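Taking it in order: structure first as C-alpha cells, then the write-up.
4 protein chains.
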Amino acid sequence: MKLRLGMIGGGQGAFIGAVHRLAAALDGMYELTAGAFSSDAEKSRATGVSLGLSADRVYASYQELIEQEKQRPEADRVQVITIVTPNHLHFEPARMALENGFHVVLDKPMTFSLAEAKQLEQVAATSSKKLCLTHTYSGYPMVKEARQLVANATIGKVRKAYVEYPQGWLSNFEEGGDNKQAAWRTDPARSGIAGSMGDIGTHAFNLLEYVTGLQVTQLCADINIVVAGRQLDDDGSVLLKLSNGASAVLTASQIAAGEENNIRIRVYGELGGLEWQQADANTLQVKWLDKPTEIRRTGTGYVSSFAQHNSRTPAGHPEGYLEAFANLYRNFALTLQAELSGEPASPEALDYPSIAEGVRGMAFIESVIASGKSDKKWTDFLV
Amino acid sequence: MKLRLGMIGGGQGAFIGAVHRLAAALDGMYELTAGAFSSDAEKSRATGVSLGLSADRVYASYQELIEQEKQRPEADRVQVITIVTPNHLHFEPARMALENGFHVVLDKPMTFSLAEAKQLEQVAATSSKKLCLTHTYSGYPMVKEARQLVANATIGKVRKAYVEYPQGWLSNFEEGGDNKQAAWRTDPARSGIAGSMGDIGTHAFNLLEYVTGLQVTQLCADINIVVAGRQLDDDGSVLLKLSNGASAVLTASQIAAGEENNIRIRVYGELGGLEWQQADANTLQVKWLDKPTEIRRTGTGYVSSFAQHNSRTPAGHPEGYLEAFANLYRNFALTLQAELSGEPASPEALDYPSIAEGVRGMAFIESVIASGKSDKKWTDFLV
Amino acid sequence: MKLRLGMIGGGQGAFIGAVHRLAAALDGMYELTAGAFSSDAEKSRATGVSLGLSADRVYASYQELIEQEKQRPEADRVQVITIVTPNHLHFEPARMALENGFHVVLDKPMTFSLAEAKQLEQVAATSSKKLCLTHTYSGYPMVKEARQLVANATIGKVRKAYVEYPQGWLSNFEEGGDNKQAAWRTDPARSGIAGSMGDIGTHAFNLLEYVTGLQVTQLCADINIVVAGRQLDDDGSVLLKLSNGASAVLTASQIAAGEENNIRIRVYGELGGLEWQQADANTLQVKWLDKPTEIRRTGTGYVSSFAQHNSRTPAGHPEGYLEAFANLYRNFALTLQAELSGEPASPEALDYPSIAEGVRGMAFIESVIASGKSDKKWTDFLV
Amino acid sequence: MKLRLGMIGGGQGAFIGAVHRLAAALDGMYELTAGAFSSDAEKSRATGVSLGLSADRVYASYQELIEQEKQRPEADRVQVITIVTPNHLHFEPARMALENGFHVVLDKPMTFSLAEAKQLEQVAATSSKKLCLTHTYSGYPMVKEARQLVANATIGKVRKAYVEYPQGWLSNFEEGGDNKQAAWRTDPARSGIAGSMGDIGTHAFNLLEYVTGLQVTQLCADINIVVAGRQLDDDGSVLLKLSNGASAVLTASQIAAGEENNIRIRVYGELGGLEWQQADANTLQVKWLDKPTEIRRTGTGYVSSFAQHNSRTPAGHPEGYLEAFANLYRNFALTLQAELSGEPASPEALDYPSIAEGVRGMAFIESVIASGKSDKKWTDFLV
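Protein chains in written order, with UniProt numbering: chain A, 1 to 383; chain B, 1 to 383; chain C, 1 to 383; chain D, 1 to 383.
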C-alpha cells in the first residue's frame, strides 16, 4: 500500500515543492493525499485542485493540516508530512508533525538556526516518528559507492578531500526583481544567517561528511557578499580539518557566472582517489597510484549493494537528480514499511539523512559564518 | 484527474514493464488501475498485489482485461492500456484495445511484422482512440532541441548523419542461460525476423528520422550473427540514403563488448553540425564552421519551447532515461486531457511517436533484413 | 650524430612540410641540411634561407637535390630524404632517392596510383635503403597500446571495429578560392582518383589494420561528392570484412561541418573493447563485460613497452600530434642508427609504417573507389 | 640563424633537462652547443657525448662553462644559457650568466629564496641581457586566450578564481628510495623552505596572476606534511585576496593519489566564466549567464592573436606540454632575434615569464609558508 503523504508548502511557482512531488511519485510508494500548499488559503486550494486532491484535504495552514489530519481515522489520515517551505518555516511544522504522530520529510537546511535544530533533535528523540532530511546528493548511487569504497578502506586512510558547489544564478541582483527563489534565499528573515553557505554549502558539507565518514572539527572560512546590495553571503571558501587529522577544502558560490549545479567531490586516501560530480552523475572515477583509473558506473553488476539498491535501470540508462531525490523518499518509505510490517529495514533502506545530519548542517552554518567573521585562522566546529 | 492506466505484460522480472510504470508515475498523470501482467494467472495476481492493485482489477489475460474493463462504468474503467509484452504479443492486444475504445501505449517495435503494422495502421485510422509508441530517445529534451535546430534550418540543409547504438550485453550466449531478456529478444518466434535491428536498430532509425525530419529511401546493410548458436542478428551496419539526397550511416550492435547503451547521433548540415549522446543526455553540441562549438543544455532559458517543455528542473540537475520515457507518457496524457477538455493540444504535447513511426520502424526492420540478404548494394526502403 | 636530412617540397605556405620539420626537429635526431622546397627555384631558395640552410644545399628541383647530394662525400651528404609534395609527386622522387642510395621518409598516401605503389615496392625490394611512410596516427602511444592489447588477445578475438575520420574544412567550395591545401587535394591531376578517401580515408584504413592486426578482404562503399563543383569525393562510408571474419565500418568526411580532426577507433573483441580518439589522445579506454572501464594513460608505468617507448614525459603532461609524428621520425632514426652501428634495432624502433602499409593504402583507395561505382554489395579488396 | 644554447644541469636521469632540450629543439630556433650537465665531470662529459656535442664544449662546472664560453669569439660562443638545476643552484649560475653577457632561460621557481630573487632582479636591472622563466603553463595557447578574454573584459570584472594543481606521485615516501626527482624536491637544502608549494604551488600561483591580470594581496594557508618522515610540505590549500577585491582559492597537492598533473583554472567575472585544464589543454570553456557555453579551441581562426601565435597546427591536431614549453623558448628566441635585428619584438613574442614573475613566485613561497605557520587568518603578501 502506498503511504499517504501530506505536503506543507510547495505552492505554484515553488521549485522544490514540485521536485518533492516528482520524487515521491516516481516509485509509486506515496500517494499525495493532503496539503497546505500556501499560507494564502486561496492559493493553497488552487494548488490542491491542480494536483487532483479532494477539496477537504487541502488546508489553509500547516496547523490546520496537522490538526485535521490527526482527527481522521488512522487508516485514512496522512502518514508522512513533507515540509518544503523556506527555512524559517521548517522547525515549527516539523516539531508539530512529530509531536502529533506523523513521520516527516524535511527540506534542508533542517532549521533556521542551530538552536532550533537541537530542539528538534530533542523532539525527535522522544517521538516514535522518523524524519528524513532531503540532502539529495547523498541519494546518488555513485555517491553511495564512493562512501562504501572509503568505508571499506579500498582507497586507504583518507588524507585530503575537495568538495565544491559552484552556481552562477545569483550573479546579478535577482532579489531586486520578481525571482521568488532568489528573494527568500537572500533574505535573512527567511533564510537565516547564511545565504550560499546555507543553501548549497550545507549540501557540500553533507556530501563531504557522508562520503568520507569523517567529521569536520575545525574550519577557516572566507565568506563574501559579492553582489552589491545583497544581504547574505553569495560566495564562500573554507579550509577544514577532519576528525582523522586529514584536511579538506569546501567551496560554494552563487556568483560563479555560467555554472549550473555541478556539485563535485574528490577524496584521496593512501592508496587511491575518488571523484564524483553531478554533471556525470552515473560515473565514479576511482584512481590508483599505479594502475589505470577505473570508471565505475551505475547499474552494473560489480558495484556495492548500496549503489545497486539505489538505481532502477541497467547500466547506460542515465539516472539523474530526480532519481537521487526519489531514492531518499524510497528508502524512507522502505524503512517505514518495514516498521509497519515488523521487519527490520535493510541497511540500504536505512541509509537516508536524518536528524543527526540536520544538526551538523546547522552547526556548519553557524560555524562557517562565525569563522568568516573571525580574525583567527581556525574556528572550532560548533557541536 | 489522473488517467486510469491498465497494463498488459510487465510481470515480475520484466525490465521494460517496470520502466513503463516508473515513467507513468513520475508526473502523477496516470494511476495504475488494472493489469494483466502475465499469461500465468497466478503470476499476474502476484504482480498486481505487489503493485497495490485491487484484486478485481488484476486479470489473467489481456482479453479478459479489455473485456472486463470495457464493462465497467466509463468513470471507472481504465482509459489507457499500455502494452509491454514481447513483440509477438503487440498487435493483437493493441488492435483489440483500440477497437474496444481504449487509448494505447505500446512498446517498440510496434508489431511482429510490417504486415501487422499496416493492419494496425488501418485499425487506428478508423478508431477514435490514440496510440503512443515508446521510442524513448525522442523524449529527451536535447533530442527535441536537435530536431528544432534542423527544422529551423539553423545548421542548413542536412548533408550527412551518423547514428549508432552500441551494446555489449549479448557478447556471450546469454539465451543459453536463464536471462529472460535475452531469451525472447533472440527468439524468432517472439522477436520477429530481426534481433539487434529490431531491438535497438529501430531506436537508432527512429532517432535518425526524428532529428533530421527526413526519410530513409534506400539502404545497404551488413547484418551479422556473431555469437555462435544465436538465431537472430546481434550486429549490423547500414549505409542509408535520405529523402533530400543526403547519406547516413546507422550501426547497432549487441556484441560491442563493454558498451552500455550510448545511443548517439551526429547530423551535419551546410552550416554546422549537431551531436547528442545518451551518456551526456542533457547536452547538445552545436558545431560551427567558423565559431566556437556551443554546448546547449537542458533546463536553460535559451533552448526551444520543445526542449523546455520536456524538462522539469533548472539547468544542471541531470534528467535521464526515465524522464525521457516519462515525457512520452506526459505528452500523451496532455494530448488526451486536451481532447477530454475540448481544447487543442499544444504542438509540444502532440510531439510523441505514434502509428506512423511504428509503421516506418517495421518497414526498416524488413528492409534492413532484406538488404542484409541481398547481393545488390542498394535496397529500396519498403513502404 | 644527427642524421642529415634533405627535404623535397614543403615550401612556404605548405602545411605538412612544416609539420615534418617540427617532427624531425623535436628529438634532435635529424639536422635539416638540404632541400628542394619548390619547383620554383626562387621560392625554394627563399624557404632554404628562412630555414638557415647553406645556399649551396638549396636546390631548384628534386632531381638536382638527389644528383648533387649524391656527389658529396658520404660524411657530408644527406642520409635521409623526406618527400612532402602532393601525391602526384611522390613516386618519382621516392624511386630516385632509393635508387641513388638515400633513405626516404614519404608522406601518405604513398603514391598517385596502386600501380606506382607496386613499382615502388619493387624498387624498395632491391634497394638497401629504407622507407618510412608517415601514417601519423600509428605514432600515438595509446594507439600502440591498443595494438598490443589486441595482439596479446587481452580483449579476445576481434569481432567488430569502427573507425572514423570526420572533418568539416571542405564544407564550402574552398578550391574556388586561394586555399592551396584545398586546391591540390581536390584536383584529380595532383591528388589521384580519390579526395577524402585518399587524404583521410587512408589514415582511417591504416589505423584499422594497424590496431586490429587484421586485413580488409572485402568492402562496400558509399562514396559522395557533396559540395557542388567538386571533382573528387569529399565524403564516404564503407562497410568492411576483415581477414578473421569480423566486420567493420569506416567513415571519412570532409563536409562534417564543425568537426576538426577527431580520428577515432573502437575495436570490440570477445572479452572487451577499446576506444581511442585523437581529441583525447593520451587516453585509451579499455572496456570490459563485467568490470569497470579502465582509463589507460600515456606516461604511466603500467602500459606496454611500445607505449612507453613512444612518449617523452610523465603521465599528465599531454603529448599530441607533433609528438606522434615525431615518433615516426624517431623510430626511423633509431632503426637507421642501429643499422649504422651494426646493432639490431628494437621491436619498438622497427614499429613504423613502411612500403607494405603504403601498398595497402593505395589498394584501399582503388578498391574503395571501385566499390563506390559498383552496384554489387561486396567488392574484393585489390591486392 | 639558430641561437647557440648552453645548458647547466640536465644530466642523465634528470627529467626537466630533457624537457628543456625537446622544447628548445622543436622550432629549430636553438642549437644546443655547450653544456655543464653535471657537477661530476665524467657524467657531464657522457651526457654531452650522447647529445652529440663537441668534447670541447662540454664543461665540468657552470663556472667553467660561463668563463670558457665568454672567451670564445662572439660569433661562436653560446648566446643563451639555460639553467635546469635544482632550486639551490639557480641563483649563482643565473647571476653569473647575466653578468657575463649571456641571456638566461631559468627553470622555476626562480631562486632558493626571496632574498636571492630580489638580488637577481637587481642584477638583471643593470644587465643588458634578458631572462625567461619557464612557467610552462602560461605557454599554452588556450591559457593565453583566457588571459585575453579577461584583459578585454569579455567576462567582466573578475569576482572569483579557483586554481588547483593535484598530483599523486609523492603519496609514498619516495625520497626514501632512489627517486632522484623526489629526493631533491623534498630536501630543504636543495628545494628551499617549500616542497609542494614551491614545485607546483608556484605554477598555480603564476597561472592565477597571469590569467586574471591581478595580484594576490593577502593569503591564508593550510600547509601540510602528510607523508610520515617528509621534511617539506606535500599538500597545501590557500585562500587568497586579489588586488581588485576579488577572492580566490589555490590548492596544490602531491598526495592526491591517482592524480597526474591536471593543473586547472576557473575564473568568474560579472558576465561569464572561464575554465581551462591541462588534461584538455586545447580547449577553453567560456561560460555565460544566459547563453550556451562556448568551446574555444586551439588552431581555429576565431581565437586571439596570442592564441594563434602560440600554436603550430590546424584545429584538432592536439598540441601539448612540450609545445607549451616550446612556446616559451620560441617567444624568447623571437624577442632576442628582434633585438639582434634592431626590430621591435611583437607583443606576442614578448609574452613570456621573466624576472618580475620570478620575484612574485618567490614571494608567494615565503608568504604561503609564513601564513601556514600563522594563527592569524590573513597574511599580507610579501613584496
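The C-beta atom is built at its ideal place from N, Cα and C for all residues, glycine as well. This structure is a prediction, so every number in the text was calculated from the model and none was measured.
Item                                                                                                                     : Value
Proximal chain D residues relative to V226 of chain A, where beta-carbon distance stays under 8 Å                        : R159, K160
Helix, strand or coil at P166 of chain B [DSSP, three-state]                                                             : strand
Range covered by the beta strand (DSSP E) that runs through Y62 of chain B                                               : That residue, Y62 of chain B, is in no beta strand (DSSP E); its alpha helix (DSSP H) goes 62–71.
Length of the line joining the Cα atoms of I225 of chain A and S138 of chain B                                           : 43 Å
Pairwise C-alpha distance: E164 of chain C and K241 of chain C                                                           : 16 Å
Bridge partner(s) assigned by DSSP for E294 of chain A                                                                   : A:V286, C:E294
Separation of L170 of chain D from K373 of chain A, as counted between CA atoms                                          : 36 Å
Amino acids of chain A, ordered along the chain, whose beta-carbon sits closer than 8 Å to that of P318 of chain B       : Q278, A279, A281, P318, G320, Y321
C-beta atoms of S191 of chain A and G198 of chain A nearer than 7 Å                                                      : yes
Closest residue to G245 of chain D among D:E64, D:I255, D:G316, D:G213 (Cα-Cα distance)                                  : D:G213
Contacting positions in the region 193–218 of chain A - beta carbon closer than 9 Å to chain D                           : none
Boundaries of the beta strand (DSSP E) in which T111 of chain B is found, first to last residue                          : Segment: none, T111 of chain B is in no beta strand (DSSP E) and carries neither H nor E.
Among C:E145, C:D234, C:L98, C:N262, nearest to A183 of chain C - alpha-carbon criterion                                 : C:D234
Where the region 60–93 of chain B meets chain D: residues whose CB sits under 8 Å from a CB there                        : none
Test: E294 of chain D CB closer than 7 Å to a CB of chain B                                                              : yes
CB contact check: L289 of chain C to chain B, cutoff 7 Å                                                                 : yes
Contacting residues, own chain, Cβ-Cβ under 6 Å from K130 of chain C (five flanking each side not counted)               : H103
Helix, strand or coil at N224 of chain B [DSSP, three-state]                                                             : strand
DSSP state of Q277 of chain B mapped onto helix, strand, coil                                                            : strand
Other residues of its chain near L114 of chain B: CB distance less than 8 Å, five sequence neighbours each side excluded : V359, M362, A363, I365, E366, L382
Where the beta strand (DSSP E) containing G269 of chain A begins and where it ends                                       : 264–269
Y352 of chain D versus E31 of chain D: straight-line alpha-carbon distance, rounded                                      : 20 Å
Proximal residues, the region 242–268 of chain B versus chain A, C-beta separation under 8 Å                             : E259, E260, N261, N262
A14 of chain D in three-state terms, based on DSSP                                                                       : coil
Distance CB(S237 of chain A)-CB(T251 of chain A) smaller than 7 Å                                                        : yes
Contact with chain D by T313 of chain C, beta-carbon distance below 7 Å                                                  : yes
Three CB pairs or more closer than 8 Å across the region 166–181 of chain D and the region 295–303 of chain D            : no
Spatially closest choice to Y148 of chain A from A:P86, A:R312, A:S304, A:E64, by CA coordinates                         : The question names Tyr, but residue 148 of chain A is Gln in the sequence shown. Answer by Cα proximity: A:S304.
K376 of chain C (DSSP reduced to helix, strand or coil)                                                                  : strand
Interface positions of the region 6–32 of chain D facing chain C (Cβ-Cβ less than 8 Å), listed along the chain           : F15, A18, V19, R21, L22, A25, L26, D27, G28, L32
Closest residue to G9 of chain A among A:K70, A:Q71, A:L106 (Cα-Cα distance)                                             : A:L106
Alpha-carbon to alpha-carbon, V249 of chain D and R159 of chain A                                                        : 19 Å
Rounded distance between the beta-carbons of F325 of chain D and K144 of chain D, thought under 8 Å                      : The pair is not a contact, with the Cβ atoms about 14 Å apart (cut-off 8 Å).
For S253 of chain C and Q167 of chain C, believed in contact at Cβ under 8 Å, the rounded distance                       : 7 Å
Partner residues on chain A for G139 of chain B, Cβ-Cβ distance less than 7 Å                                            : Near G139 of chain B there are no residues of chain A at all, since even the closest Cβ is about 12 Å away, more than 7 Å.
For L51 of chain A, three-class secondary structure by DSSP                                                              : coil
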